[in-house]
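Accompanying notes for the structure given below.
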C-alpha cells in the first residue's frame, strides 16, 4: 500500500512534471477503480473455491508491474494503464485476504479485520513521506521504481500460501452474487461501503492539487496524508474491536455520518495547517468505519460466501470510487474546491441516509440474521 499511496500523494507532482491537466488527473485515479472493479466481480469468488493463494500471488505480481510502469511512464495513457494494473492487483489481493481472516478469526472478527486494516493503512502512513523525500532528493520516478522492487520481494512471503475452499457445490457458487444482493442487510451494508469508497474517489484527485494550489510543497502534501492516516494506524485494532463489542452496523454507519461535515469543509479551508487538523478526526472515523463495514458485509452473508461477499463490497466500492474520481476532478476544475468537496459530502449523506432507512442500526452487540428483500 505504500506504493499505492505514493500515486495518491504525487499526483500534483506528476501534473507539474509531465504537464498533465488537472481535469485529467481523475482518469489516472479512476483507472485503479476500474481495474479493481473488474477483478473483484470476476475473480474474487474464486477465493472461496480454493484459489485464494494463487489470486494473492497474481495480485502481487500485477501491483509490482503497475508500480514499475509508473516509474517509467511519461504520458497520460501510460499512467492510466499502469494505474489500471495496480488497481487490478489490489482487487484480487484484498477479498482473498479478508476471506482468510473471516474463516479463522472466530469471535474476534472485527478485531482481526481492524488489524488487517491497520497493516493496510501503514502503507499510507509511511509511503507518502518516503515518496516525497525520494522525489525531492532524486525525481518523481524513484519512489515508484523502489516500491515496485519491494513489492516483488513480498512475493516470497506468500508463494506457498493456500486458502481452503468452501464446502458448497459449484451450482451454489455460480449463483452467489444473485443470492447476496437479495439480502436487505447486505444492500444496507453495501451502501455504507459505497459512501466510504466514493469519498476516497473524490479525495484522491482533489487533495494533492488542492494543497498544491494553497502553496504546499511536495513534502508537505505527502506529510498531510501521513497526518490523515497515522491516527487510523494507531487505533486500528481498537477501532476494529468496536464492531465486536457493538453492532457493526452501528459502528460503521455512525462513524461514516461523522465524516460528512468534514468532507464538506475541506474545499472552503484555505489554511494548510487547518487542513492538517481537520484530516485527523476524519482518519479516526474511517478507522472505525472500515472494519465495521467489512464486518457488516460479512454478517449479511453465509460463511461459505465470505470472499464473494467481500469481493462484491469491494467491487461496489470500486465503482463508487471510480464515479467519485471521474466527477470530482472536472467539478474542481469548473467550480472550484468548495463546491467540489460539498457535492461529495451531499452524495455521501444521501447514501448513508438510504442505508439507515433500509436497515436501522441496533446499538447492541447482537448481530441479526440477514433477511431477504
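In our numbering, the protein residues as written are 10 to 382. Even for Gly, the Cβ is constructed at its ideal location relative to N, Cα and C. These numbers come from a predicted model, not from an experiment.
For residue 214, the enclosing alpha helix (DSSP H) starts and ends at 193-222. When DSSP states are grouped into helix, strand and coil, residue 42 belongs to the helix group. Collapsing the DSSP output to three states places residue 295 in a helix. Taking residue 234 as the centre and dropping the five residues before and after it, the same chain places the C-beta of 14, 17, 18, 133, 137 closer than 7 Å to its C-beta, in chain order. Counting only residues of its own chain and dropping the five nearest sequence neighbours on each side, residue 242 has a CB closer than 7 Å to the CB of 127, 130, 131, 134.
Three or more beta-carbon pairs drawn from the stretch 195-211 and the stretch 360-367 are found closer than 8 Å, and the two stretches are therefore classed as touching.
Taking C-alpha positions only, residue 365 is separated from residue 149 by approximately 44 Å. The criterion of a C-beta distance shorter than 8 Å is satisfied by residue 353 and residue 211. Secondary structure of residue 370 (DSSP, three-state): coil. Sequence-distant partners of residue 52 (beyond 5 residues in either direction) whose C-beta falls short of 7 Å from its own C-beta, in its chain, are 64, 101. In the same chain as residue 291, and ignoring 5 residues on each side of it, the C-beta atoms closer than 7 Å to its own belong to 237, 268, 271, in chain order.
Nearest neighbour of residue 160 by Cα position, chosen from 69, 286, 285, 172, turns out to be 69. DSSP places residue 25 in the uninterrupted alpha helix (DSSP H) bounded by 20-27.
DSSP, reduced to helix, strand and coil, places residue 174 outside both helices and strands of the structure shown, so it counts as coil. Contact check for residue 56 against residue 172 passes: the beta carbons are separated by less than 8 Å.
Rounded to whole angstroms, residue 208 and residue 60 show a C-alpha spacing of 31 Å. Counting only runs that start and end inside the stretch 223-310, the alpha helix (DSSP H) elements of at least 4 residues fall at 227-254, 257-275, 281-308. At a Cβ-Cβ threshold of 8 Å, residue 92 and residue 339 do not count as neighbours. Look at residue 92 here: in three-state DSSP terms it is helix.
In the three-state reduction of the DSSP assignment, residue 82 falls in the coil class, being assigned neither a helical nor a strand state. Beyond the five residues adjoining it in sequence on each side, residue 27 comes within less than 7 Å, by CB distance, of 83 in the same chain, given in chain order. For residue 190, the secondary structure class from DSSP, reduced to helix, strand or coil, is coil. Residue 247 counts as exposed, since fewer than 16 other C-beta atoms from the protein chains shown sit within 10 angstroms of its C-beta. Excluding residues up to 5 positions away in sequence, 37, 82 lie with their Cβ nearer than 6 Å to the Cβ of residue 88 in the same chain. In this structure, residue 297 keeps its C-beta atom at 8 Å or more from the C-beta atom of residue 228. Rounded to whole angstroms, the separation of the alpha carbons of residue 370 and residue 74 is 42 Å.
According to the DSSP assignment, residue 159 belongs to the alpha helix (DSSP H) that extends over 151-162.
In the three-state DSSP reduction, residue 143 falls in the helix class (H, G or I). Excluding sequence positions up to five before and after residue 356, its CB lies within less than 7 Å of the CB of 207, all in the same chain and listed in chain order. Cβ atoms of residue 124 and residue 245 come within 8 Å of each other, at about 7 Å.
322 is the residue among 322, 293, 289 whose C-alpha sits nearest the C-alpha of residue 305.
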